[in-house]
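Engineer: So the sequence lines, in the order shown, correspond to chains A and B. For the first sequence, the positions run 66 to 446 when the numbering used here is used. For the second sequence, the positions run 6 to 128 when the numbering used here is used. Glycine included, each C-beta is placed from N, C-alpha and C at the ideal position. Just so it is clear, the structure is predicted and the values come from calculations on it, not from any experiment.
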Amino acid sequence: MPDNNLLKTKLYDIHLSNNAVMVPFAGYNMPLHYDLGILKEHLHTRSKAGLFDVSHMGQCFLYSDDLSFLSIAKALETLIPAEISNLEPGKQKYSQLLNSDGGIIDDLMIGRLGFEGQEHKLYLVVNAGKKLEDFEYIKKNLPEGINIDIADDSLSLISLQGPKASEILTRLNSSIADLLFMSSVDVPLTPNIWGHVSRSGYTGEDGFEISVKNSDVRSLVNILLQNEDVQMIGLGARDSLRLEAGLCLYGQDINENVSPIEAGLIWSIQKNRRLPNMQYKGVKRITADIENVNSKRLVGIRPEGKVPARAGTEIHDAEGNQIGLVTSGGYSPTLGCPIAMGYVNGKFKKVGTRINLVIRNKSMPASVVKMPFVSTKYYRG
Amino acid sequence: MSVYYTKDHEWIRVSQNVGVIGISSHAATQLGDVVYVELPELGKKLIKGEELAVVESVKAASEVYSPVAGEVLSVNETLEDQPQTVNESPDDGGWFVKISISDLNDLESLMSQDEYSAYCIAS
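This is the structure in structure tokens:
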């Protein structure tokens, strides 16, 4: 699908030589799947190791002129609900960039660099489709003396996910073996290639996200692909993997009208940050949505039959009243059945609640279930 | 027995006034792994071009249209438990329905195998 207006990552040629079916995504020409197809790529990631090109995502560094970590942490804490000022060097948190109404502008990873001399810096990874807007929003809302270094033109990002990921990456640098989930190190992966390696991902598997210089990413990918357990995995399987792991997709499950509380992301907001005396964008909405048990909630849904419920499917109660909408839905390759997530009125959020899904004008029974659908394998030591 | 193809990538294999309908291997490849097939009720009367079945792959749902008008005589029950048969054997074991053809003239607007191959290459 040649489209000259689309951007290419530095791995574009490697996608083509691996017979990728390329699709437009967030302004980039990205692989949907390779020869294996979505289903087998999904299962490969769950059983061995999948390698994803996520270089389209936005990477930037934030730091304060006074080189104080606390200065930058406090500044960013005005835009997100998570507590950042207590981050140890080499640790990261998941949070959301909020607008004044508490709606989610984007969701993001925020890490404190652990490398000596760089511990005053924050490293952010944001969604491809929102990165320009995010960077503008951050620039506009942070006080004088705060710097943002956008690394899109210099850094690529790849992700190695699955039960074999640790063993494979540890062969390149043995210090990676002990890294805990949501921690990072900056280490050489070959004598010439340094990577910022964090133990995190978007699949529910143990795995790593590796930020490397644009000029190094092809060499690193080729080294990883020499391992027979590693396969390139496209966006199709990335989507079905994250759905099984119960992780939200920006633009689909979360957007500027939805609060983190409605989206079930309260776990990412530390208890002291849920108090009404906090001062960050949208805090009123956060505290109000916590109080209001009838505000909508994102829940896991298990359709009873075999028919997948796609995004946009209406959710009804037993009497046929519409109580919500499916935002992500499909087939779970791991479980061999359909799974979905969607918003329901808070009264219906309890696990086990019977609901109906209207698919092609037919009402199909389903239940509210716990997420993740497939248990996560994060490495916590 | 002759096989005809539609521009929407269905095939119909015709013997007298009975047709067996499926989707081409080109279509099956494009769809990717089929995980569910919704088939019509027996006896359902279809007009030409009407939705006949829905094929769900991992990534999306796609409609299958009837190449001719007619009545559904039988459906491929194998697809209920083994929808992947559509990928494994699209031209044969992965058939969808058997239909009695109301008007054999409906076949005239369809493509032969050679015409369909050329159509796929061009599109």
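Checking 8 Å against the spacing of the C-beta atoms, do L173 (chain A) and L187 (chain A) come in under that value?
Structural biologist: No, these two residues do not count as a Cβ contact at 8 Å.
Engineer: Return the chain-ordered ranges of every beta strand (DSSP E) run that is complete within the region 134–204 of chain A and spans a minimum of 3 residues.
Structural biologist: The region 134–204 of chain A contains these whole beta strand (DSSP E) runs: 157–163, 169–177, 187–191.
Engineer: My output table needs one value for Y77 (chain A): the three-state DSSP class, helix, strand or coil.
Structural biologist: helix
Engineer: Does G155 (chain A) have its Cβ less than 8 Å from a Cβ in chain B?
Structural biologist: no
Engineer: In the DSSP assignment, what residue or residues form a beta bridge with Y408 (chain A)?
Structural biologist: In DSSP, Y408 (chain A) forms a bridge with A:L363, A:L390.
Engineer: In whole angstroms, what separates the C-alpha of Y443 (chain A) from that of I331 (chain A)?
Structural biologist: Taking the straight line from one Cα to the other gives about 19 Å.
Engineer: Which residues of the region 13–38 of chain B have a Cβ closer than 8 Å to any Cβ of chain A? Give them in chain order.
Structural biologist: The residues in question are G37, D38.
Engineer: Which residues of chain A have a Cβ atom closer than 8 Å to the Cβ of E61 (chain B), listed in chain order?
Structural biologist: V372, P373, Y396
Engineer: Which residues does DSSP list as the beta-bridge partners of G395 (chain A)?
Structural biologist: A:I404
Engineer: Are any of the Cβ atoms in chain B nearer than 8 Å to that of M66 (chain A)?
Structural biologist: Because the pLDDT at M66 (chain A) is just 48, under 50, the model does not fix this residue reliably, and the point stays unresolved.
Engineer: Taking its Cβ as the centre, do 16 or more other Cβ atoms sit within 10 Å of Q296 (chain A), making it buried, or is it exposed?
Structural biologist: buried
Engineer: Which one or two residues does DSSP pair with D118 (chain A) in a beta bridge?
Structural biologist: A:I223
Engineer: Residues of chain B with CB under 7 Å from G301 (chain A), in chain order?
Structural biologist: V63, K64
Engineer: Any chance you could list the beta strand (DSSP E) runs of at least 3 consecutive residues sitting entirely within the region 241–304 of chain A, in chain order?
Structural biologist: 249–253, 259–263, 272–278, 295–297
Engineer: Can you find a CB in chain B that lies within less than 8 Å of the CB of L104 (chain A)?
Structural biologist: yes
Engineer: Let me confirm a value: G24 (chain B) is counted as buried when at least 16 other C-beta atoms fall within 10 Å, else exposed. Which label applies?
Structural biologist: buried
Engineer: Measuring only between beta-carbons, confirm whether Y41 (chain B) sits less than 8 Å from chain A.
Structural biologist: yes
Engineer: Could you please give the first and the last residue of the uninterrupted beta strand (DSSP E) stretch that includes R419 (chain A)?
Structural biologist: 419–424
Engineer: State yes or no: is the beta carbon of S160 (chain A) nearer than 8 Å to at least one beta carbon in chain B?
Structural biologist: no
Engineer: Alpha carbons only, please: which of A:T378, A:G347, A:Q226 is nearest the one belonging to Q317 (chain A)?
Structural biologist: Comparing Cα-Cα distances from Q317 (chain A) to each of A:T378, A:G347, A:Q226, the minimum goes to A:T378.
Engineer: Give me the Cα-Cα distance between D13 (chain B) and E56 (chain B), rounded to the nearest whole angstrom.
Structural biologist: 11 Å
Engineer: According to DSSP, is C125 (chain A) part of a helix, a strand, or is it coil?
Structural biologist: strand
Engineer: Taking the straight line between their C-alpha atoms, what separation do you get for S67 (chain B) and N84 (chain A)?
Structural biologist: 24 Å
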